[in-house]
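Engineer:
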Amino acid sequence: MDFFTGLLESMLQTALSPITAAFVLAAIGLNIHFGFTGLMNMGQAGFMLVGGYGFVISTMNGVPFFLAILISMAASALFALLLGIPTLKLRGDYLAIVTIGAAEILRMVARLANLTPITGGPSGIQSPRFREEFNALSPLPEGRTSILGLDYINTGVDDWWSRIVSWGLVALFLLITWLLIRSPWGRVLKGIREDEDAVRSLGKSTFSYKMQALVIGGVMGGFGGIVMALPAAINPDGMGRATTFNIWMIMLLGGAATILGPLLGSILFFVVRLVITSVAAQFVPASVLSAQQTEVLSWVLIGVLLMLLVIFRPQGILGNKKELSFNV
34 MDFFTGLLES MLQTALSPIT AAFVLAAIGL NIHFGFTGLM NMGQAGFMLV GGYGFVISTM
94 NGVPFFLAIL ISMAASALFA LLLGIPTLKL RGDYLAIVTI GAAEILRMVA RLANLTPITG
154 GPSGIQSPRF REEFNALSPL PEGRTSILGL DYINTGVDDW WSRIVSWGLV ALFLLITWLL
214 IRSPWGRVLK GIREDEDAVR SLGKSTFSYK MQALVIGGVM GGFGGIVMAL PAAINPDGMG
274 RATTFNIWMI MLLGGAATIL GPLLGSILFF VVRLVITSVA AQFVPASVLS AQQTEVLSWV
334 LIGVLLMLLV IFRPQGILGN KKELSFNV
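The opening residue of the sequence shown carries number 34 in the numbering used here; numbering runs sequentially from there.
(1) Would you kindly work out how many angstroms separate the C-alpha atoms of LEU114 and LEU301, rounded to a whole number?
(2) Could you tell me the distance, in whole angstroms, from the CA atom of ILE267 to the CA atom of ILE259?
(3) When DSSP labels each residue in this structure, what does VAL361 get in the three-state scheme?
(4) Please tell me whether GLY76 and GLY117 are closer than 9 Å, where the distance is taken between their beta carbons.
(5) Just to confirm the assignment, what range does the alpha helix (DSSP H) spanning ARG274 have?
(6) Can you give the Cα-Cα distance for ILE130 and ARG124, rounded to whole angstroms?
(7) Taking Cβ positions, are GLY176 and ILE186 nearer each other than 9 Å?
(8) Measuring straight from C-alpha to C-alpha, what distance separates ALA55 and PHE206?
(9) Look up ALA266 in the DSSP assignment and say whether it is helix, strand or coil.
(10) Is there contact between the segment 158-174 and the segment 221-228, where contact requires at least three CB pairs shorter than 8 Å?
(11) Could you tell me which of PRO318, VAL305, THR276 sits nearest to VAL337, measuring between CA atoms?
(12) Rounded to whole angstroms, what is the Cα-Cα separation between MET261 and ALA319?
(13) I need the DSSP call for SER299, collapsed to helix, strand or coil.
(14) Just to confirm the assignment, what range does the alpha helix (DSSP H) spanning LEU10 have?
(15) Tell me, please, which residues DSSP counts as bridged to ASP184.
(16) Going by CA-CA distance only, name the one from LEU40, SER171, ILE350 that's closest to ILE197.
(17) Could you pull the DSSP bridge partners for ILE104 from this structure?
(18) Evaluate contact between the segment 280-296 and the segment 230-244, counting only Cβ atoms and requiring at least three cross-stretch pairs below 8 Å.
(19) Using C-beta distances below 6 Å, list every residue in its chain close to ALA59, excluding the 5 sequence neighbours before and after it, in chain order.
(20) The alpha helix (DSSP H) spanning VAL142 covers which residue range?
(21) What residues in its chain sit with their C-beta under 7 Å from that of GLY182, if we drop five residues either side in the sequence?
(22) Drop a sphere of 10 angstroms on the beta-carbon of PRO174, count the other beta-carbons inside from all chains shown, and report buried for 16 or more, exposed for fewer.
(23) PRO269 and THR149: beta carbons closer than 9 Å?
(24) In terms of alpha-carbon separation, which member of ILE344, ALA265, ILE52, LEU40 lies closest to GLU165?
(25) If distances are taken between C-alpha atoms only, which option among LEU121, VAL96, VAL89 comes closest to LEU6?
(26) With distances taken from CA atoms, which of VAL312, GLY271, ALA289, LEU330 is nearest GLY33?
(27) For HIS66, which option in PRO51, PRO119, VAL190, VAL252 has the closest C-alpha, if you only look at C-alpha atoms?
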């Protein structure tokens, strides 16, 4: 009984983790790109890296907190422009290849030993070097608070303040997405996704709309990079190909072209992985499965579950089959 009580508490901790919120933010941006516009962006981790490093480097150089946020947004938008201007005329697999290549170039540049004084190189930058001003903004009193069995310090590392800000951003971007997609602008995006030539025949600049979607979704991904960096550190290898694939898995799990799909997908993704590893560690002898093998097994089972989902419910948990028409 103690095991299951502890497991439920761990599930709640995982669901409310800032890292989970960071992936929700990145998945919301990817949903703008692919779910609503039909852009095969396989480099969302690149936007997280640009946004995260833009904020961290600015803060470490004495830039005020909110100005550092604006610099991060500008860096993400600039990356979207540089990426989109030569590539948005591409479709399907070709756009996917270019975007994943661009993200990998950024990651390898950030890992360069010559840039260690700026980016921290392969080791990255630890959060105590850039989160002091973030902590100073906290209105919470000193001490610890326990809610629903979860006990954290109010402000510091692994704190309530980070969780409040992270999930506040999630709520804000979900609301912004809902408003945008309900607007005439959002209806044009859906039209581009379903039949770009038809939208172009109506006199709409599909390139302009796709660029706007790429910028907005990229900025949301940049905020995901900021939130991912705040709890512990920012590291280029933490925002590589695997991160992009996980974001895609999250979006497809919850349902592409849905408002709450990224939220549900991210929570389920991390919670299911936690349940698999915890149950295996508890009930499978170490002689059969070591801790490392259990970790690998969790990824294998998640992959199998995703395959079954794509086969039997390709629209995802919250998705609608009518939203699965993509002009790629």
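Quick reminder that beta carbons are idealized off the backbone N, C-alpha and C, glycines included.
Owing to the predicted nature of the structure, the values given are computational and were not obtained by experimental measurement.
Structural biologist: Based on what the coordinates show:
(1) Between the alpha carbons of LEU114 and LEU301 lies a gap of roughly 33 Å.
(2) The alpha-carbon atoms of ILE267 and ILE259 are separated by roughly 8 Å.
(3) For VAL361, the pLDDT reaches just 49, beneath the cut-off of 50, and the residue's location in the model is therefore unreliable, although a value from the coordinates is still provided. VAL361 falls in the coil class under three-state DSSP.
(4) Contact annotation: GLY76 and GLY117 have beta-carbon atoms that are not nearer than 9 Å.
(5) Note, ARG274: alpha helix (DSSP H), 274-287.
(6) Rounded to the nearest whole angstrom, the CA to CA distance from ILE130 to ARG124 is 10 Å.
(7) A contact, by the Cβ cut-off of 9 Å.
(8) When the Cα atoms are used, ALA55 and PHE206 turn out to be separated by approximately 12 Å.
(9) Note: ALA266 maps to strand in three-state DSSP.
(10) No: fewer than three Cβ pairs fall under 8 Å.
(11) Of PRO318, VAL305, THR276, the residue nearest in Cα terms is VAL305.
(12) Between MET261 and ALA319, the alpha-carbon positions lie close to 32 Å from each other.
(13) SER299 falls in the helix class under three-state DSSP.
(14) Because the chain here runs from 34 to 361, residue 10 falls outside it and cannot be looked at.
(15) In DSSP, ASP184 forms a bridge with SER179.
(16) Ranking the options by Cα distance to ILE197, first place goes to SER171.
(17) DSSP links ILE104 through a beta bridge to no other residue.
(18) No contact exists between the segment 280-296 and the segment 230-244.
(19) In the same chain as ALA59, and ignoring 5 residues on each side of it, the C-beta atoms closer than 6 Å to its own belong to GLN77, MET81, GLY254, GLY257, ILE280, in chain order.
(20) Going by DSSP, VAL142 is part of the alpha helix (DSSP H) stretching over 126-144.
(21) Closer than 7 Å at Cβ, skipping near neighbours: GLU42.
(22) Per the 10 Å Cβ criterion, exposed.
(23) If you check the CB distance, PRO269 and THR149 do not come in under 9 Å.
(24) If we check each option's Cα against that of GLU165, ALA265 comes out closest.
(25) Only positions 34 to 361 of the chain appear in the structure, and residue 6 is not among them; the question remains open.
(26) This structure leaves residue 33 out entirely; the chain is present only between 34 and 361.
(27) Of PRO51, PRO119, VAL190, VAL252, the residue nearest in Cα terms is VAL252.
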